[in-house]
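Residue numbers (my numbering): 2 to 270.
Set out below in structure tokens:
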């Protein structure tokens, strides 16, 4: 996915949203940090001070990264920036800088639970504190492209169906095997994170907190655990879903939900 897709996750008319927000970010945005770094434009490299501007101050805002080029300052890139509140210690497996040199995808892992990727929107600030093969404390969040309540799942074929069907018939010997054509599977309390490309992922989790606010567009923050490890560690994230991403669904505490998301992670410093 591209930043155009990330803006569209907040408002399908993303060009209008970008036009609306860029000027506001540039004039009213709060400075979240500045750092000297090497910037690239595909043709050359140069060292520049990079300044991050964020607006509004809500849990989800819009971040613009400003660089100096040829004697003037330009907003180099901008995208939704989601605040993460829970601290997670992860292993930095690989750092994959973006072409502009000021953003990066960080491939991370949790012991006994597999790996996934996050986009670091503050990489220009974090880069000197990240080292492959070392642990780092992150604050994780996600922007949902789409989010819905989990529906009951029934298996009607395959090896798992056959195994569960056999167990069911052993426990219910009076049932006619020919009548057992589907086995229901409960997803209640499921915590899953399935990585995709470019810091995207599919997640399933039970909602333990819901908060709705307006950052220029109505957005709902849902919090929950998306991964558990064998060391009794939990990976908790805040997922931000716009009204279009929810598509009429009104989330409630205790719901089990699934979503396709853009994962973000910044160092907890």
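From the three backbone atoms N, C-alpha and C, an ideal C-beta is built for every residue, glycine too.
With C-beta atoms as the reference, is residue i less than 9 Å away from residue j?
i, j, result
"residue 83", "residue 75", "no"
"residue 117", "residue 194", "yes"
"residue 265", "residue 5", "no"
"residue 106", "residue 121", "yes"
"residue 40", "residue 134", "no"
"residue 150", "residue 250", "yes"
"residue 289", "residue 202", "For residue 289 there is no data in the structure shown, the boundaries of the chain being 2 and 270."
"residue 220", "residue 92", "no"
"residue 156", "residue 170", "no"
"residue 81", "residue 212", "no"
"residue 65", "residue 23", "yes"
"residue 234", "residue 87", "no"
"residue 253", "residue 192", "no"
"residue 96", "residue 141", "no"
"residue 3", "residue 125", "no"
Can you tell which of the options has the C-alpha that lies nearest to the C-alpha of residue i?
i, options, result
"residue 184", "197, 194, 190, 160", "160"
"residue 206", "218, 225, 213", "225"
"residue 51", "157, 136, 104, 60", "104"
"residue 27", "192, 252, 8, 77", "77"
"residue 263", "14, 108, 119", "119"
"residue 227", "216, 259, 214, 255", "259"
"residue 186", "180, 36, 152, 124", "152"
"residue 20", "213, 46, 63", "63"
"residue 34", "72, 24, 15, 127", "127"
"residue 94", "114, 59, 136, 61", "136"
"residue 255", "181, 49, 209", "209"
"residue 73", "268, 49, 88, 65", "49"
"residue 268", "57, 123, 46, 192", "123"
"residue 139", "146, 111, 3, 158", "111"
"residue 244", "148, 176, 177", "148"
"residue 57", "32, 87, 257, 229", "32"
"residue 158", "176, 181, 174, 173", "181"
"residue 115", "44, 46, 231, 79", "231"
"residue 9", "79, 55, 42", "79"
"residue 47", "29, 30, 71, 178", "71"
"residue 89", "43, 109, 99, 204", "109"
Please list the terminal residues of the continuous alpha helix (DSSP H) segment that includes residue i.
i, result
"residue 23", "15-29"
"residue 108", "Counting along the chain, residue 108 falls outside any alpha helix (DSSP H), though it belongs to the beta strand (DSSP E) covering 105-111."
"residue 6", "4-11"
"residue 127", "124-127"
With respect to the beta strand (DSSP E) encompassing residue i, which residues constitute its N-terminal and C-terminal limits?
i, result
"residue 268", "257-268"
Would you list the residues sitting across from residue i in a DSSP beta bridge?
i, result
"residue 143", "240, 264"
"residue 41", "46"
"residue 137", "91"
"residue 121", "105"
"residue 249", "None, per the DSSP bridge assignment."
"residue 32", "54"
"residue 148", "260"
Counting contacts by CB-CB distance shorter than 9 Å, is residue i in contact with chain B?
i, result
"residue 144", "Note that chain B does not occur in the displayed structure, where there is just one protein chain."
Legend entry - Completely contained beta strand (DSSP E) runs for the stretch 154-234, where each covers 3 or more residues: 154-156, 184-186, 193-196, 201-207, 210-215, 219-229
Legend entry - Ranges of the beta strand (DSSP E) found wholly within the stretch 48-101, counting only runs of at least 3: 61-70, 73-83, 88-98
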